[in-house]
Amino acid sequence: MARTDIGKLSLILLFAPFALWIALLIILPQLGIGYISLREKVGPGEYTFGFANYIAFLSEPIYWNTLLRTAWMSILVTAMALAVGFPVAYYIAKIAHRRSRAALFLMCLIPLWVSDLVRAFGWIVILRETGLVSSFLQKIGLVSGPVELLYNDATVVMGLVYTVVLFMIVPLVSTLDGMDNSLIEAGYNLGGSRFTVFRRIVVPYAMPGIVAGCIIVFMLTAGSYLTPILLGGKNSMWFTEQIYEQFVTRYNWESGATFGVLLLVFTSFVVWLGLRLTGQSLASTVAKD
Amino acid sequence: MNVAAPQSPFLQWLYRGYMLAFLLYLAAPLFAAGMFAFNDSMFPALPWNGFTLDWFFSSTEPKIGMFHDRRLLRGLQNSLYIGVIVSALAVAAGTCNAFLFERKQFPAKNFFYILMIVPLVIPGVILGISILVFASMIANGLEEAFGIEWDFLRPGLFLVILGQFSFLTTITSLVIAARLRKFDISLEEAALNLGATRLRVLMTVTLPYLMPALFSAFVVAFLVSFENFNTTLMLVGSDAPLTITMYDRMVKVGSTPVLNAVSFFLMVGSGALALLSVVVQRGKE
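Taken in order, these protein sequences are the chains called A and B.
The UniProt record's numbering numbers the first residue of the first sequence as 1 and each following residue consecutively.
The UniProt record's numbering numbers the first residue of the second sequence as 1 and each following residue consecutively.
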């Protein structure tokens, strides 16, 4: 039948760009770094294959310490973004009046559209030795000389939370928005305290949003480059910085690719674990908005 | 009465105070980055020496304003060029993907849908290095086997466009698919019954309906492309876009108020575009 032929043809025509995109720009390049990471240079143009690069990674404490440090700081940032962002999302979705809700949401979103670089630069202007906070503290006489607030871990965490918190708020608002207030009312009528209602009704209802937010925030943090470097300085020990250094500064693609594979495997594992523990799927969380 | 809100006035005020503090936290670095663009000083720091527009328009040393700084302008031009091309490509591919996943049935559809989302959860730096490695492997292979030199596979504008396209397409696909899902298919059937060809139905019924989504997908892709740093950093050649130029300047020369001027310009530009996309989206619904 002509009708089904047209259907088949249009399916092929629509599938072709998708297949090209995913195969050429995602799958094959990932296989490419996997391949390079297993390769070891023994002479000019001569290579052997094996796990030498991975063994080199494990035998050099500074490398795996950097990965562990990145991992644990990313988890810390994710938890803090959730703690800071949840009340804000709850306010926007449940407490603000209808008219101010849209304006409030928009205000929260504007910084999202400003480049990471500009935001990090803003923090530098505020926090460095000659910055706003330092001048203010000197003016009111709290400190006698300039204070340097950059280049420490607390600042890096604060700056990272700043860059990612909006990605936590957006999915939270969209799930909390769908919650009917009568659920909360029913909880109170059944004698639940404020805390019980929050723990047994609000949090389970918001779970898809919490998981989605945490996944996005964790991935963004673990893969971030600018904020740790600019706010943490040379000693920030961030894993993406190691990758960049191996690739661009040392031109050691084999070990850079190894680090890339490790970061990807590690972040995928954390995301998989998060989805598994909460019983969510990737399609239902990340693709929702 | 809103049962979701805290009941005691004290807690209500505390909550409002928290919201205010949060908004201040959001605004503080943007304000600081923008403010010093107008300070008549050689450094982006206090004291405040008076208002000036020199960091935008001055053409004399030592204060070269951003609109007279050749390298910054060149970066801006590259960013616009990359942004327009990559957004157009991503919207085109995103439209195909939206029709593919909303209208067609095929085996292993869920698996392919997951594949479509995956680029969003791969860190940008890794997308960058993997495309760099893959393109170099092809380029080296061609050179060794046939002696052909395809320079566009070396770091440069072409690879930056490919790198940004690889994850922007996921974003545009999701935006366009969300609108296509709401489309009432009986409108298309009515047009077909009235004798319109499939192409004509697509051009006069379906695509006009999708227009707001296409527009906002384009704007979102453009903004994300303009601000992208991680993927671009790995693929950039001699034609650097604005974010890379600005970063270079920050690290090598140190910060001067001209960077604040660029920041202010970027904030106003992207804020206006984002607002425009929200307005268009709302006007059509």
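Glycine included, each C-beta is placed from N, C-alpha and C at the ideal position.
Secondary structure of residue i, DSSP reduced to three states
| i | result |
| --- | --- |
| Ile131/B | helix |
| Glu241/A | helix |
| Val248/A | helix |
| Phe229/B | coil |
| Lys182/B | coil |
| Ile12/A | helix |
| Ser281/A | coil |
| Asn39/B | strand |
| Ser166/B | helix |
| Ile64/B | strand |
| Ser193/A | coil |
| Ser268/A | helix |
| Ser224/A | coil |
| Ser255/B | coil |
| Ser236/A | helix |
| Ser182/A | helix |
Pairwise C-alpha distance: residue j and residue i
| i | j | result |
| --- | --- | --- |
| Gly141/B | Asp151/B | 13 Å |
| Asn39/B | Asn49/B | 6 Å |
| Ile64/B | Gly254/B | 15 Å |
| Leu220/A | Ser74/A | 9 Å |
| Phe165/B | Ile122/B | 14 Å |
| Ser58/B | His68/B | 7 Å |
| Thr232/B | Val160/B | 6 Å |
| Asp289/A | Ala81/A | Model confidence at Asp289/A stands at a pLDDT of 46, short of 50, so the residue's coordinates are unreliable and nothing is read from them. |
| Ala21/B | Pro241/B | 35 Å |
| Trp55/B | Asp248/B | 18 Å |
| Thr204/B | Leu194/B | 13 Å |
| Ile12/A | Ser268/A | 31 Å |
| Val217/A | Thr197/B | 46 Å |
| Thr155/A | Thr206/B | 50 Å |
| Ala5/B | Leu273/B | 34 Å |
| Glu149/B | Val42/A | 26 Å |
Any chain A beta carbon closer than 8 Å to residue i
| i | result |
| --- | --- |
| Phe146/B | no |
| Gly124/B | yes |
| Tyr81/B | no |
| Ser255/B | yes |
| residue 335/B | In the structure as shown, chain B starts at 1 and stops at 285, and residue 335/B therefore has no counterpart that could be examined. |
| Thr243/B | yes |
| Met203/B | no |
| Ile171/B | no |
| Met211/B | no |
| Asn230/B | yes |
| Lys109/B | no |
| Gly195/B | no |
| Lys104/B | yes |
Contacts around residue i, its chain only, beta-carbon distance under 6 Å, and the 5 residues preceding and following it disregarded
| i | result |
| --- | --- |
| Thr227/A | Ala120, Gly159, Leu160, Thr163 |
| Val271/A | Ile215 |
| Met234/B | Gly128, Ile129, Leu132 |
| Phe229/B | Thr243 |
| Lys234/A | none |
| residue 292/A | Any answer about residue 292/A is impossible in this case: the structure gives chain A only from 1 up to 289. |
| Leu183/A | Ile201 |
| Phe218/B | Ser87, Val91 |
is_contact[residue i, chain B] using C-beta, thresh 8 Å
| i | result |
| --- | --- |
| Val42/A | no |
| Asp116/A | yes |
| Met1/A | Reliability of the predicted coordinates at Met1/A is poor, the pLDDT of 46 falling under 50, and no value is obtained from them. |
| Tyr91/A | yes |
| Arg119/A | yes |
| Trp123/A | yes |
7 Å CB neighbourhood of residue i in its chain, flanking five on each side removed
| i | result |
| --- | --- |
| Ile36/A | Trp253, Glu254, Ala257 |
| Ala98/B | Ser173, Ile176, Ala177, Leu180 |
| Gln280/A | Pro208, Val211 |
| Val143/A | Leu137 |
Close Cβ partners of residue i (< 8 Å) along its chain, the five nearest in sequence each way excluded
| i | result |
| --- | --- |
| Leu109/A | Leu166, Val170 |
Counting only runs that start and end within the segment 20-102 of chain A, where is the alpha helix (DSSP H) found for 4 or more residues in a row? Counting only runs of 4 or more, we get 28-37, 52-59, 61-90.
Taking a cut of 7 Å between CB atoms, which residues from the segment 11-45 of chain A lie near chain D? You won't find chain D in this structure, because its protein chains are A and B.
Only counting runs of 4 or more residues, tell me where the alpha helix (DSSP H) segments fall wholly within the segment 73-123 of chain B, in order along the chain. Listed in chain order, they are 109-121.
Runs of alpha helix (DSSP H) lying entirely within the segment 105-175 of chain A, each at least 4 residues, in chain order: With a minimum length of 4 residues, the continuous alpha helix (DSSP H) runs that stay inside the segment 105-175 of chain A are 116-127, 132-139.
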